[in-house]
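Heads up, the thing below is written out as structure tokens.
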């Protein structure tokens, strides 16, 4: 479960059949992704691997994303993520770049610097494109996860559980999140029919809201989880653009 979001995360435009929305309005991550700006980056952690995702370029409705994966423990914590990338990401096990069509959510060109070549990602394997086009419904407050043991009786005053927000290596306190969920289509894949929950910051002007800060897949062994461990802006890549690569 690591295909492009380091395989995962990102992937959703049409309403899934058979899913009753919790609100009249839904959310499609592909629409949020239109607010991404070149230089923005985030780092996600899952299955003992950290993956940096960098908005490399944005031209009209084509978004170029750079994705670098490194096993936990193989990157020095003494340097920041931007400096690490500038040093050609020592210790990385995968470095790729691809384009996303913001109209359709489909992945276009895909290049692997690790393997020095162009690749095609079959639609059936493209987790990111699927996630970007799924319609999410907001989870009502009464159904949200809360902190602490549930009271035996009376009102439930426990605070809502919130993911951690980290920007440029520093925690940001008191950030409020909305929770959303959807169901993966029954496509015969490992995720078929599974419920997916994501958390996005309420203040989309101050914080990037085009990528989940927490993603959880219910119905798999151990509840697969992906969390964002850092984010920031003004990252510069040492790698050439896809257009430059295609001209060789």
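Numbering (UniProt numbering), first residue to last: 1 to 248. Positions of the beta carbon are idealized from the N, C-alpha and C atoms, including for glycine.
Supposed close pair residue i, residue j - CB separation, criterion 8 Å
i	j	result
residue 253	residue 136	Past the edges of the chain, shown from 1 to 248, lies residue 253, and the structure says nothing about it.
residue 44	residue 228	5 Å
Check whether residue i and residue j have beta carbons under 9 Å apart
i	j	result
residue 230	residue 142	no
residue 187	residue 202	no
residue 213	residue 163	yes
residue 39	residue 55	yes
residue 69	residue 52	yes
residue 27	residue 200	yes
residue 157	residue 145	no
residue 95	residue 112	yes
residue 246	residue 35	no
residue 255	residue 184	Only positions 1 to 248 of the chain appear in this structure, which leaves residue 255 out of reach.
residue 152	residue 165	no
residue 77	residue 102	no
residue 82	residue 176	no
For residue i: DSSP bridge partner residues
i	result
residue 55	65
residue 172	165
residue 201	177
residue 218	195
residue 182	196
residue 27	136
residue 111	97, 118
residue 43	52, 230
residue 71	49
Spatially closest choice to residue i from the options, by CA coordinates
i	options	result
residue 189	130, 174, 139, 158	130
residue 216	170, 182, 240, 247	182
residue 195	134, 207, 206	134
residue 93	153, 75, 247	75
residue 33	45, 57, 192	57
residue 86	244, 246, 238, 161	238
residue 318	232, 192, 226, 228	The structure shown does not extend to residue 318, since the chain is modelled only from 1 through 248, so no value can be given for it.
residue 120	98, 46, 165, 139	98
residue 49	36, 63, 67, 61	67
residue 224	46, 35, 30, 29	46
residue 29	241, 204, 83, 243	204
residue 240	226, 176, 116, 152	116
residue 88	114, 72, 78	114
residue 106	31, 244, 234, 150	31
residue 91	104, 100, 71, 110	71
residue 242	73, 110, 104	110
residue 104	155, 248, 63	63
Problem set entry | Length at least 3, wholly inside the stretch 223–247: the beta strand (DSSP E) runs in chain order | Runs found: 224–232.
For this session: Give, in chain order, every unbroken run of the alpha helix (DSSP H) that is at least 4 residues long and sits entirely within the stretch 126–159.
Result: DSSP runs (the alpha helix (DSSP H)) wholly in the stretch 126–159: 127–131.
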